Amino acid sequence: MSAPTPASTPATSGTQTHALLRLATCGSVDDGKSTLLGRLLFDSKAIHEDQLEGMLAANELLGGEGIDLALLTDGLRAEREQGITIDVAYRYFATEKRSFILADTPGHVQYTRNMVTGASTAHVALVLIDARHGVVEQTRRHLFVAKLLGVPHTVVCINKMDLVAWSQETFDRISAEVRALTAVDTIIPLSALRGDNVVERSDQIPWYDGPPLLELLEGIEVDDEPDAVGLRLPVQYVIRDGDVRHYAGRLAGGSVSAGDEVVVLPVGRRTTIETVDTFDGPLTDAHGPLSLRVTLADHLDVSRGDLIVRPGEEPAVSREVTATICWMADAPLRPGARLVLKHTTNSVRAIVDSVDDRIDVATLQHIPGSAELALNDIGTVRLRTSAPVLVDPYLSNRTTGSFILIDEATNDTVAAGMVV
Amino acid sequence: MTPLSHLDLLEAEAIHIMREVAAEFERPVLLFSGGKDSIVLVRLAEKAFRPGKFPFPLMHVDTDHNFEEVVDFRDRLVDRLGEKLIVAKVQDSIDAGRVVEDTGPRASRNRLQTTTLLDAIEEYKFDAAFGGARRDEERARAKERIFSFRDDFGQWDPRAQRPEIWDLYNGRIRQGEHVRTFPLSNWTELDVWRYIQREELEIPSIYFAHEREVFARDGMLYADAPFLERFPSEDLFVESVRYRTVGDLTCTGAVPSQAATLDAVIEEIAATRVTERGQTRADDRTSEAAMEDRKRVGYF
Numbered sequence: 001m002s003a004p005t006p007a008s009t010p011a012t013s014g015t016q017t018h019a020l021l022r023l024a025t026c027g028s029v030d031d032g033k034s035t036l037l038g039r040l041l042f043d044s045k046a047i048h049e050d051q052l053e054g055m056l057a058a059n060e061l062l063g064g065e066g067i068d069l070a071l072l073t074d075g076l077r078a079e080r081e082q083g084i085t086i087d088v089a090y091r092y093f094a095t096e097k098r099s100f101i102l103a104d105t106p107g108h109v110q111y112t113r114n115m116v117t118g119a120s121t122a123h124v125a126l127v128l129i130d131a132r133h134g135v136v137e138q139t140r141r142h143l144f145v146a147k148l149l150g151v152p153h154t155v156v157c158i159n160k161m162d163l164v165a166w167s168q169e170t171f172d173r174i175s176a177e178v179r180a181l182t183a184v185d186t187i188i189p190l191s192a193l194r195g196d197n198v199v200e201r202s203d204q205i206p207w208y209d210g211p212p213l214l215e216l217l218e219g220i221e222v223d224d225e226p227d228a229v230g231l232r233l234p235v236q237y238v239i240r241d242g243d244v245r246h247y248a249g250r251l252a253g254g255s256v257s258a259g260d261e262v263v264v265l266p267v268g269r270r271t272t273i274e275t276v277d278t279f280d281g282p283l284t285d286a287h288g289p290l291s292l293r294v295t296l297a298d299h300l301d302v303s304r305g306d307l308i309v310r311p312g313e314e315p316a317v318s319r320e321v322t323a324t325i326c327w328m329a330d331a332p333l334r335p336g337a338r339l340v341l342k343h344t345t346n347s348v349r350a351i352v353d354s355v356d357d358r359i360d361v362a363t364l365q366h367i368p369g370s371a372e373l374a375l376n377d378i379g380t381v382r383l384r385t386s387a388p389v390l391v392d393p394y395l396s397n398r399t400t401g402s403f404i405l406i407d408e409a410t411n412d413t414v415a416a417g418m419v420v
Numbered sequence: 421m422t423p424l425s426h427l428d429l430l431e432a433e434a435i436h437i438m439r440e441v442a443a444e445f446e447r448p449v450l451l452f453s454g455g456k457d458s459i460v461l462v463r464l465a466e467k468a469f470r471p472g473k474f475p476f477p478l479m480h481v482d483t484d485h486n487f488e489e490v491v492d493f494r495d496r497l498v499d500r501l502g503e504k505l506i507v508a509k510v511q512d513s514i515d516a517g518r519v520v521e522d523t524g525p526r527a528s529r530n531r532l533q534t535t536t537l538l539d540a541i542e543e544y545k546f547d548a549a550f551g552g553a554r555r556d557e558e559r560a561r562a563k564e565r566i567f568s569f570r571d572d573f574g575q576w577d578p579r580a581q582r583p584e585i586w587d588l589y590n591g592r593i594r595q596g597e598h599v600r601t602f603p604l605s606n607w608t609e610l611d612v613w614r615y616i617q618r619e620e621l622e623i624p625s626i627y628f629a630h631e632r633e634v635f636a637r638d639g640m641l642y643a644d645a646p647f648l649e650r651f652p653s654e655d656l657f658v659e660s661v662r663y664r665t666v667g668d669l670t671c672t673g674a675v676p677s678q679a680a681t682l683d684a685v686i687e688e689i690a691a692t693r694v695t696e697r698g699q700t701r702a703d704d705r706t707s708e709a710a711m712e713d714r715k716r717v718g719y720f
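Those protein sequences? They're chains A and B, same order as listed.
Residues 1 to 420 in our numbering are what the first sequence spells out, letter by letter.
Residues 421 to 720 in our numbering are what the second sequence spells out, letter by letter.
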């Protein structure tokens, strides 16, 4: 093994220092989402010539003319045959300033689970509206899912402005409707098909003085350091080096340094962090979503699923969890259901005590007294677990506040949960 | 503290994935081809598990139609690591009558690797296999999960994938099933090269420009090799080339290049307008959905 050179932070050894922005796009079937993505990729030169040739050939077969950029993102055979987007697709592009990961999620009503999937890791939700139709049920659904999943930024694109004669009045009317529903960062008028205001500023819209979409995305500030609840280090894996036990994990909140007083939960034993290490050497004041390992001053029985926090900053240690969940299985969820709950690095059994309400994602109304959740329903449930779980409210920490539910009979992931 | 670079973030995510696999599966394996992506995987495994041992062996599915430089490199790397390497030979599958080899100038053992791979997974009872596949490589891969479930027959069903939410991976399987896990899912080709540069990783010499006897076929340059039959019209000539991907010699093409250093290679790749698989892999050129079709039956 080569001797690693110690570094105070991994970033010091990095050659490229632009950060990574994760986007999730949501759109209805015909509002031109794939065209917008294709445009972003094409104009930022992330589409290669052989991909372009493939698209031209495929489109010719389908009897189309020119380039259908949707063919770039719809990669599966069934998608091309049916002309629809089935599943979340991930796309990558980079500019001088930044790298982007884009989760492209289908807009069909029955695919809410894909929207939740895409939004779960996103920094920015890109919501598309067709200027001719304005806010529709899908728009409300997308805005709500983005908000529910705690996506820090929402950018609304009012697309197909060319088809409403670049009308400022139309733009203002739709913008007012959007802002009446929820707070969004920015609303941009654009035409994905023509490329106006996507990468290049549009000369058709003199009344709009904001930057084009790509420039806007380059400038959005993201905070990768959730500090609202303090240090959160879920123990993921134990590395044995002779007698020394290194507790490896990915930092889920706050910062950690050698010498820090900590508590190991759920047992609640106090100890001190002795070292904070990576393959590249020790870290001081480590923060951000880093994968690292620590050693502890005292010989404790620490294992996967435990959580290292600072005294006075402990999360709830409880066998009862109230959460908003998105149900993703065909068979409805009813009280009494037994499932596996995976939370950070810990899996426990859980029983659904009650389904308290269902949320109408088009109106954001809580409908109380619901006894079950059907596929793609979102609602509030109360769960009882076989062992204590260490949870924070989702809106305080997206890692320690989230969980998935797994059906033990099928091994399928059947729900995404956010602790209330 | 300096903000994390995008390579730092990709690295942290990949290490997290590798540790999840090690923690949740009983018998993982790391598929190692000697190519750049699997070299990066090995470095990430060092980052995830040192100062301990890797909690899995490496496995090379070997067609015997290799670039010598790559096999030499593989053996040196394994030596340095002090980890176990399993070599699963396609030749053994042929000898056992599990597969029948194509003949003629277009014969390739690439397709046959699937059977050898699935047989080895069954023989060693592997329940998780790390691969170096990236979502930017190909459209079907763009829709694949980081934990990609395979049934008893090694098949991938793109329409029945488990949703992957936050970084909570569901690795639960039944006996006989396995999961392919892809820590580099979110990396691009350029990220891999920049990481090789940052980490100062050694890579096989064929990634750099060198003089080689080649012949042209279907717009690609193939290396002269005893097991690669040529059509009468395919004359050999010497050209300065480098490889952009490293796979089975019979289906991996070289690109003309003078780039003899890592910096020069990165500069060429940053400027290229053709994808690596489109430029250098005959196996992906057979149809629009060639990769999806191979993946469905258990390919890498």
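Glycine residues also receive a C-beta, built at the ideal position from the N, C-alpha and C atoms.
Computed from a prediction, not measured in an experiment: that's the story for all the values here.
What three-state label does DSSP hand residue i in the structure shown?
i: B/Ala-432; result: helix
i: A/Ala-286; result: strand
i: B/Arg-379; result: This structure cannot settle anything about residue 379 of chain B, because the visible part of chain B is limited to 421 through 720.
i: A/Asn-114; result: helix
i: A/Ser-167; result: coil
i: B/Pro-578; result: helix
i: A/Gln-236; result: coil
i: B/Glu-584; result: coil
i: A/Pro-136; result: The amino acid occupying residue 136 of chain A in the given sequence is Val; Pro does not appear at that position. In the structure shown, A/Val-136 sits in coil (DSSP, three-state: anything other than H, G, I, E or B).
i: A/Trp-327; result: strand
i: A/His-153; result: strand
i: B/Glu-747; result: Residue 747 of chain B cannot be examined here, being either before or after the span of chain B that is shown, 421 to 720.
i: B/His-480; result: strand
i: A/Arg-201; result: coil
i: A/Phe-403; result: strand
i: B/His-426; result: helix
i: A/Lys-342; result: strand
Is it the case that the Cβ atoms of residue i and residue j are separated by a distance below 8 angstroms?
i: B/Ala-680; j: B/Val-634; result: no
i: A/Ser-255; j: A/Ala-297; result: no
i: A/Val-309; j: A/His-343; result: no
i: A/Val-88; j: A/Leu-126; result: no
i: A/Glu-137; j: A/Ala-362; result: yes
i: A/Gly-485; j: A/Ile-239; result: No answer is possible for residue 485 of chain A: it lies beyond the span of chain A, which begins at 1 and ends at 420.
i: B/Phe-569; j: B/Thr-601; result: no
i: B/Arg-447; j: B/Tyr-544; result: yes
i: B/Ile-623; j: B/Lys-456; result: yes
Suppose you measure from the CA of residue i to the CA of residue j; what does that come to, to the nearest Å?
i: A/Met-115; j: A/Cys-326; result: 11 angstroms
i: A/Glu-372; j: A/Thr-271; result: 45 angstroms
i: A/Glu-283; j: A/Asp-196; result: The amino acid at residue 283 of chain A is misidentified as Glu; the sequence shows Leu. In a straight line, the C-alpha of A/Leu-283 is about 46 angstroms away from that of A/Asp-196.
i: A/Arg-39; j: A/His-153; result: 21 angstroms
i: A/Met-161; j: B/Pro-471; result: 58 angstroms
i: A/Ala-94; j: A/Val-199; result: 13 angstroms
i: A/Lys-33; j: A/Asp-104; result: 9 angstroms
i: A/Glu-65; j: B/Glu-433; result: Residue confidence is low: A/Glu-65 scores 46 on pLDDT, short of 50, so the model does not pin down where it sits. No coordinate-derived value is stated.
i: B/Ile-514; j: B/Arg-716; result: 22 angstroms
i: A/Asp-306; j: A/Thr-186; result: 40 angstroms
i: A/Ile-129; j: A/Ala-192; result: 11 angstroms
Could you check how far apart the C-beta atoms of residue i and residue j are, in whole angstroms? I think they sit under 8 angstroms.
i: B/Asp-458; j: B/Leu-451; result: A quick correction: the sequence has Ser, not Asp, at residue 458 of chain B. At roughly 7 angstroms, the Cβ-Cβ gap stays under 8 angstroms, so B/Ser-458 and B/Leu-451 are in contact.
i: B/Asp-482; j: B/Val-507; result: 5 angstroms
i: B/Ala-566; j: B/Ile-435; result: Note that residue 566 of chain B corresponds to Ile in the displayed sequence, not to Ala. About 13 angstroms; that fails the 8 angstroms criterion.
i: B/Ile-626; j: B/Val-490; result: 7 angstroms
i: B/Arg-592; j: A/Ile-359; result: So it is not a contact: roughly 28 angstroms between Cβ atoms.
i: A/Gln-236; j: A/Arg-245; result: That pair is no contact at about 13 angstroms.
i: A/Glu-313; j: A/Val-229; result: 7 angstroms
What residues of chain A sit near residue i, judged by a beta carbon separation below 9 angstroms?
i: B/Gly-639; result: Simply none; closest approach about 10 angstroms.
i: B/Glu-687; result: Within 9 angstroms Cβ-Cβ: nothing; B/Glu-687 doesn't reach chain A, min ~13 angstroms.
So which residues of chain B does residue i contact, with C-beta pairs closer than 7 angstroms?
i: A/Arg-91; result: Ala-562
i: A/Ser-99; result: His-426
For a contact defined as C-beta to C-beta under 8 angstroms, what are the partners of residue i on chain B?
i: A/Arg-338; result: Within 8 angstroms Cβ-Cβ: nothing; A/Arg-338 doesn't reach chain B, min ~15 angstroms.
i: A/Phe-144; result: Result: empty, since nearest Cβ-Cβ is about 17 angstroms, beyond 8 angstroms.
i: A/Ala-331; result: The premise fails here: A/Ala-331 is roughly 15 angstroms from chain B at the closest Cβ pair, so nothing lies under 8 angstroms.
In chain A, what lies closer than 8 angstroms to residue i by C-beta?
i: B/Phe-452; result: By Cβ distance, chain A contributes nothing, its closest Cβ being about 17 angstroms from B/Phe-452, past 8 angstroms.
Chain C contacts from the region 230 to 248 of chain A (Cβ-Cβ distance under 7 angstroms) = The structure shown contains no chain C; the protein chains it does contain are A and B.
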